[in-house]
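Enquirer:
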Amino acid sequence: MSKKNLIVVGNGMVGHHFLEQFVVSDVATEYRILVFGEEKQLAYDRVHLSEYFAGSTHADLAMGTADWYASNGIDLHLNEQVTAIDRVRKIVTTPRGDYSYDELVLATGSYPFVPPIDGRDRNHCFVYRTLKDLDAIRASAQGGKTGVVVGGGLLGLEAANALKSLGLEAHVVEFAPRLMPVQLDAEGGALLRQKIEDLGVSVHTEKATTAIVEGEAARLRMTFSDDTHLETDLIVFSAGIRPQDTLARASGLEVGERGGIVVNNQCTTSDPHIHAIGECALWNQRIFGLVAPGYTMARTLAAALNKDSSAAFTGADMSTKLKLLGVDVGSIGDAHGQTPGARNIRFNDEQAGYYRRMVVSNDGKKLLGAILVGDNSKYDTLLQYALNGIDLPANPESLILPDSEGGAPALGPDALPEGATICSCHNVSKGDICSAIDAGCSDLGSVKGETRASTGCGGCTALLKTVVDSELAKRGVSVSKDLCEHFPYTRQELFHLVRVNGIRTFGTLISQHGKGHGCDICKPAVASILASCWNEHILATDHVPLQDTNDTFMANMQKNGTYSIVPRVPGGEITPDKLIALGEVAKEYDLYTKITGGQRVDLFGATLSELPEIWEKLIAAGFETGHAYGKALRTVKSCVGSTWCRYGVQDSVGMAIELENRYKGLRAPHKVKMAVSGCTRECAEAQSKDFGVIATDKGWNLYICGNGGMRPRHADLFATDLSDEELIRTIDRVVMFYVRTADRLQRTSVWMENLEGGIDYLKQVVLKDSLGICTELDQHMADIVSTYQCEWKTAVENPEQRKRFREFVNATEQKDPVQQWTEERGQRRPLADPA
Amino acid sequence: MSNNTQQCSVCRLRDLIPGSGIAVWTPAGPVAIFYLPEQTPSMYGISHHDPFSGANVLARGITGDLKGHLVVASPIYKQHFDLRTGVCLEDENVRIPTYQVHVDGGDVLVDVPAEEDEAATA
Ligand code: SRM
Ligand SMILES: Cc1cc2nc3c(=O)[nH]c(=O)nc-3n(C[C@H](O)[C@H](O)[C@H](O)COP(=O)(O)OP(=O)(O)OC[C@H]3O[C@@H](n4cnc5c(N)ncnc54)[C@H](O)[C@@H]3O)c2cc1C
Ligand code: SF4
Ligand code: FES
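Protein chains in written order, with numbering that gives the first Met the number 0: chain A, 0 to 834; chain B, 0 to 121.
#1: Could you round the C-beta distance between residue 77(A) and residue 36(A) to whole angstroms and report it? I think they count as a contact, below 8 Å.
#2: List, in order along the chain, the chain A residues whose C-beta lies closer than 7 Å to that of residue 52(B)?
#3: Between residue 833(A) and chain B, is there a C-beta pair that is closer than 8 Å?
#4: How long is the line joining the alpha carbons of residue 100(B) and residue 107(B), rounded to whole angstroms?
#5: Starting from residue 444(A), find everything on chain B with Cβ-Cβ shorter than 7 Å and list it in chain order.
#6: Classify residue 78(B): buried if its beta carbon has 16 or more other beta carbons within 10 angstroms, exposed otherwise.
#7: Does the distance from the CB of residue 754(A) to the CB of residue 729(A) come in under 8 Å?
#8: Could you tell me whether the region 230-237 of chain A touches the region 142-155 of chain A, where touching means 3 or more Cβ pairs closer than 8 Å?
#9: Using a threshold of 8 Å, state whether the C-beta atoms of residue 715(A) and residue 668(A) are closer than that.
#10: For residue 117(B) and chain A, any beta-carbon pair shorter than 8 Å?
#11: Residues of chain B with CB closer than 7 Å to the CB of residue 809(A), please, in chain order.
#12: Flag this pair as yes or no: are the beta carbons of residue 19(B) and residue 611(A) separated by less than 8 Å?
#13: Cα-Cα, which of 557(A), 85(A), 626(A) is closest to residue 605(A)?
#14: At 3 residues or longer, what runs of the beta strand (DSSP E) sit wholly inside the region 346-386 of chain A?
#15: Alpha carbon to alpha carbon, what distance is there between residue 425(A) and residue 25(B)?
#16: Quick check on DSSP: helix, strand or coil for residue 506(A)?
#17: Whose CA, out of 676(A), 683(A), 722(A), lies closest to the CA of residue 697(A)?
#18: At least one CB of chain A closer than 8 Å to the CB of residue 83(B): is that the case?
#19: Should the region 613-624 of chain A be called in touch with the region 565-584 of chain A, which here means at least 3 C-beta pairs below 8 Å?
#20: Using the beta-carbon count (16 or more within 10 Å), is residue 699(A) buried or exposed?
#21: If you draw a straight line from the C-alpha of residue 796(A) to the C-alpha of residue 326(A), how long is it?
#22: Measuring alpha carbon to alpha carbon, tell me which residue in 52(B), 41(B), 44(B), 21(B) is nearest residue 551(A).
#23: Which first and last residues belong to the beta strand (DSSP E) in which residue 221(A) is found?
#24: Using the Cβ count rule (16 or more neighbours within 10 Å means buried), how would you classify residue 750(A)?
#25: Can you pull out the residues from the region 63-81 of chain B whose beta carbon lies closer than 7 Å to at least one beta carbon of chain A?
#26: Taking the DSSP output, what are the residues bridged to residue 726(A)?
#27: Tell whether a beta-carbon distance below 8 Å holds between residue 528(A) and residue 497(A).
#28: Between which residues of its own chain and residue 150(A) is the CB-CB distance below 6 Å, once the five residues before and five after are set aside?
#29: For residue 153(A), which option in 167(A), 133(A), 180(A) has the closest C-alpha, if you only look at C-alpha atoms?
#30: Out of curiosity, what's the CA-to-CA distance linking residue 493(A) and residue 771(A)?
#31: Nearest by alpha-carbon distance to residue 414(A): which of 305(A), 462(A), 332(A) is it?
#32: Let me check you understand the geometry: is the CB of residue 10(A) closer than 7 Å to at least one non-hydrogen atom of ligand 2?
#33: Give the list of continuous alpha helix (DSSP H) stretches no shorter than 4 residues that lie fully inside the region 179-267 of chain A.
#34: Hey, residue 486(A) and residue 516(A): beta-carbon distance below 8 Å or not?
#35: DSSP three-state call for residue 74(A): helix, strand or coil?
#36: Name the DSSP bridge partner or partners of residue 101(B)?
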């Protein structure tokens, strides 16, 4: 039997999802599948598009691989746009040829709407939809200072964040009187605006752009209908999306008045052999601009093509939960209370900066919708009430009141009915999760693999975990938190074993509490615990085989096997003589020299055998190790503070140096960074550190658990107006509690987020001593501070330890043959690809 | 191991570090020698060259056992190499050379391909 042809136009998120469903279905063997994608790249995760600016590549975002397409016999044509459909002859046309179909699937998505403003085609005007768009924006941002996003909706704010991350001063211009008009009400919009402006994004509402012309101080000037104007170096339009229905329209398929390919409940268009799914499809007069409804359409169509008579798309939930520029925003169901008779319950805490609104049915029994701004902690619970029609408690307001005001606890996983949707992207219910567990899945990873829950937008991750944990617990399965195959314990449990039993070596620990010989996961983790507990030199013989190379050789290994050297420069303060000494050493050993992001100097390219010699010279010049290699305190960044700055109210440099000298050398589950600013202008960026200190006229405010890096998080205010002693005591305790209870490689931010009770609990423990352990924490810290030694000083003074630093123990003159160098901008660097 | 090997004395027993590796220079290039006193045999020789990063660094990796294999983890991109066979656990198509290590008195000896073979194996 010859095969029929199935053609899919559009290789986006929904088209790809459809293929995944279709190829494993029964009728797949009857078809030859052809896919046409207009973009150069294979389908990728558009929802996480912005991560492209944070370093993700197409490969990270890709939804499948070319191999997957090939192995499923799919004929994939990328970079090939379909330009016409001939419905009579059942042929689609591309610039490369004609292809005949038996069934045709349109998954062409949507395109950004650009308002018809004069000058919108100028250079440096963009949209925000594809990788190509982002490449263009990135290129334009170079050399630019400001960027404007036209449109203050969900995507517009995301684009504004992206501009900010590219280092631009970002503005949002919105036509409506408030931000996110579709999802939010006036109060919610106002709070969101205030929060976003606090983050340094300027918001201009009720502004209609009339033209874009050449700028005077910047590349472009936007003029507005109220005769004002704004200059900017680039513009991103994000004024809504329009369904991509060009092909359908030209071939005479029925389309909606305002666009969109009309489909029935089976996702079939007005032509029985042509189907449409995703953002291009118009169902019941509605377009769905989210990925989850598109996936549901894809599943429906795959089932319908398999003659499943029950397959039907019946609409979708459009609730959204987002973190926009770090501000939580949630919108559920009938957020604007348009259901007749609906009543509202609002809670607006201007002090704490959050707003919650519930839309409740006339009889007060059901939740119809909700709006959350500033804090999404209640989102999961509210969504479950709304989606599953769960009866509200007698005092429904308890769902949005703060816990201290008698707020109800989150809806536990047990309260959810079997049918409750846990993951809307992949349509996974609580029942599906239970079945997966009953069929043998015994951990989160396997449930994810089996049901695909939480592999879409990721919004359901936390809920999924609680459901899985609770269902496993119910079945008597203990959830595995083992460190690795050698230790059936968490890091915290190992810490207790080590401390309580006074264990001082890895050998003792593994023989008493583990099995096998260890590995590169548990050895460094145990080394860090031993160091936190007993603070012995990391090169003590027993500890050497446990350390990562960076710790073993007390330097950071580079890609060609050489090392970098980062001496400590407490608080970033350095004398001219010390600077000269650094320069002299770097010159002598031909080390590439760079100022780091941590207010100190990094010297790159030292070979193993040069390390002790170099350190001997640095120590003679008064330097100490900077622990750039260790999971330890890195730097305490400072601003110049009251000594010089006209605004400074405290000596931030002095405090930074004191903190750095106090905590240097302390081993922790992950690296720890601190900063001290001399006033609220916050030039030391303290709120992006694990411990951030900001001067006030009465003392110091302490912020904790922030970080930059892969998942930036602003630190939370922990205590205010502390004296010097109070500040140090408080930091001591939080640090020590972190060291004792965090997981391996867990930064303070993730640790705190996973701590039951979060920051409030931490305040109880540290400020109110609710566990009665503060004296012990203080004592432990005092021990560590008093046993500090500069590891490099100890190492260079010990001939046995120095012997470790030989590239080849039998040939001291032998140079490493793979280290080849070239020169760039006046300094030496490794040759890109050594032979 | 073929007959065309030569034994070279590379270092003294006390140069080795229990539980860890050192690198030595041989006519066949850089070799990593691991001394694992609790294992039999207690010494293992593999190439010091990490095929994934192209750097000579394997002696500086962490040793251990994974799913029954005695391994070292590359300090650069963390792939694991079986100390007995040289096979990479993450990618079985990658296999690095292994070398026999002996002790004679206090001397550590490594069997490497004889020099006349070098042209053929290079
Ligand atoms: C040298 C430096 C970049 C520079 O040229 O400026 C640097 C270089 C490295 N960083 Fe960094 N980071 C440097 C400042 C930062 C900063 C900025 C800061 O500290 O102000 C950040 C973001 C802030 C933060 O950590 O919260 C930063 C976030 C990271 C991360 C991501 C951490 C995270 O939690 O997401 C890693 C990866 C990791 O640690 O797992 C990393 C890891 C690394 C490593 C260790 C990667 C590696 O394993 O080889 C780099 C080795 C340095 C070397 O060989 O000497 N580096 N790194 C900076 C050294 C500062 C210092 O004086 O100690
Ligand atoms: C920055 C950003 C953030 C987002 N965030 C979220 C979010 O948090 N949550 C959420 O649910 N949704 C989000 N979305 C929306 C989500 O990405 C879309 O709902 C989803 O991508 C729709 O999938 P689709 O397959 O219908 O369309 P697309 O993914 O757009 O795919 C359509 C593909 O068809 C191609 N195509 C069009 N015409 C032709 C033709 N004639 N020939 C060949 N190929 C053609 C297009 O080039 C495109 O590659 C976001 C979107 C963006 C841009
Ligand atoms: S934070 Fe304050 S004291 Fe420090 S440099 Fe800035 S303005 Fe000056
Ligand atoms: S809801 Fe999107 S991944 Fe589960």
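Ideal Cβ positions, reconstructed from N, Cα and C, are used throughout, including at glycine.
Expert: Once the coordinates are examined:
#1: Counting from 1 along the first sequence, the entry for residue 77(A) is found at position 78. Counting from 1 along the first sequence, the entry for residue 36(A) is found at position 37. Right, their Cβ atoms sit about 5 Å apart.
#2: Walking along the second sequence from the start, residue 52(B) turns up at place 53. Within 7 Å Cβ-Cβ: 558.
#3: By 1-based counting over the first sequence, the position of residue 833(A) is 834. At residue 833(A) the pLDDT is 49, less than 50, meaning the model places this residue with poor confidence and gives no usable figure here.
#4: As a position in the second sequence, residue 100(B) is number 101, starting the count at 1. As a position in the second sequence, residue 107(B) is number 108, starting the count at 1. One C-alpha to the other measures close to 7 Å.
#5: The residue given as residue 444(A) occupies position 445 in the first sequence. Residues of chain B passing the Cβ test: none, with the nearest at roughly 17 Å.
#6: Here residue 78(B) refers to the residue found at position 79 of the second sequence. Residue 78(B) comes out buried.
#7: Walking along the first sequence from the start, residue 754(A) turns up at place 755. Walking along the first sequence from the start, residue 729(A) turns up at place 730. Against a cut-off of 8 Å, the Cβ pair of residue 729(A) and residue 754(A) comes out as no contact.
#8: yes
#9: The sequence position of residue 715(A) within the first sequence is 716, counting from 1. The sequence position of residue 668(A) within the first sequence is 669, counting from 1. Going by C-beta atoms, residue 715(A) is not nearer than 8 Å to residue 668(A).
#10: Within the second sequence, the letter at position 118 stands for residue 117(B). Any reading at residue 117(B) is ruled out, since the residue's pLDDT is 45, under 50, leaving its predicted position unreliable.
#11: Against the first sequence, residue 809(A) aligns to sequence position 810. The answer, in chain order, is 9, 10, 23, 24.
#12: Here residue 19(B) corresponds to residue number 20 of the second sequence, with the count starting at 1. Here residue 611(A) corresponds to residue number 612 of the first sequence, with the count starting at 1. No. Outside cutoff.
#13: Within the first sequence, residue 605(A) is the residue found at index 606, counting from 1. Cα-wise, what sits closest to residue 605(A) is 557(A).
#14: 353-359, 366-372
#15: By 1-based counting over the second sequence, the position of residue 25(B) is 26. By 1-based counting over the first sequence, the position of residue 425(A) is 426. C-alpha separation (whole angstroms): 57 Å.
#16: Sequence index remark: in the first sequence, residue 506(A) carries index 507 (1-based). Three-state result, residue 506(A): helix.
#17: Taking the first sequence and counting its residues from 1, the one referred to as residue 697(A) is at position 698. Closest by alpha carbon: 722(A).
#18: As a working mapping, residue 83(B) is identified with position 84 in the second sequence. No, its Cβ sits nowhere closer than 8 Å to a Cβ of chain A.
#19: yes
#20: As a first step, residue 699(A) must be located in the first sequence, where it is residue number 700. By the neighbour-count rule (16 or more Cβ atoms within 10 Å), residue 699(A) is buried.
#21: As a working note, residue 796(A) is residue 797 in the first sequence. As a working note, residue 326(A) is residue 327 in the first sequence. Cα to Cα, residue 796(A) sits roughly 52 Å from residue 326(A).
#22: The residue given as residue 551(A) occupies position 552 in the first sequence. Cα-wise, what sits closest to residue 551(A) is 21(B).
#23: As a position in the first sequence, residue 221(A) is number 222, starting the count at 1. Note, residue 221(A): beta strand (DSSP E), 219-223.
#24: Along the first sequence, one-based indexing puts residue 750(A) at 751. Buried is the call here.
#25: 63, 64, 65, 72, 74, 75, 77
#26: Walking along the first sequence from the start, residue 726(A) turns up at place 727. None; residue 726(A) has no bridge partner.
#27: Counting from 1 along the first sequence, the entry for residue 528(A) is found at position 529. Counting from 1 along the first sequence, the entry for residue 497(A) is found at position 498. Yes. Within cutoff.
#28: Counting from 1 along the first sequence, the entry for residue 150(A) is found at position 151. 237, 238, listed in sequence order.
#29: Within the first sequence, residue 153(A) is the residue found at index 154, counting from 1. Measuring from the Cα of residue 153(A), the nearest candidate turns out to be 180(A).
#30: The residue labelled residue 493(A) in the question sits at position 494 within the first sequence. The residue labelled residue 771(A) in the question sits at position 772 within the first sequence. Roughly 22 Å between the two C-alpha positions.
#31: Indexing the first sequence from 1 puts residue 414(A) at position 415. For residue 414(A), the nearest C-alpha among the options comes from 462(A).
#32: By one-based count along the first sequence, residue 10(A) stands at place 11. Checking the Cβ of residue 10(A) against ligand 2 gives yes.
#33: 185-197, 245-249
#34: For the purposes of this step, residue 486(A) is taken as residue 487 along the first sequence, with counting starting at 1. For the purposes of this step, residue 516(A) is taken as residue 517 along the first sequence, with counting starting at 1. Contact flag unset, no.
#35: Against the first sequence, residue 74(A) aligns to sequence position 75. The answer is strand: DSSP assigns residue 74(A) an E or B state.
#36: Residue mapping note: residue 101(B) aligns to position 102 of the second sequence, counting from 1. DSSP, once it has assigned bridges, lists 108(B) as partnering residue 101(B).
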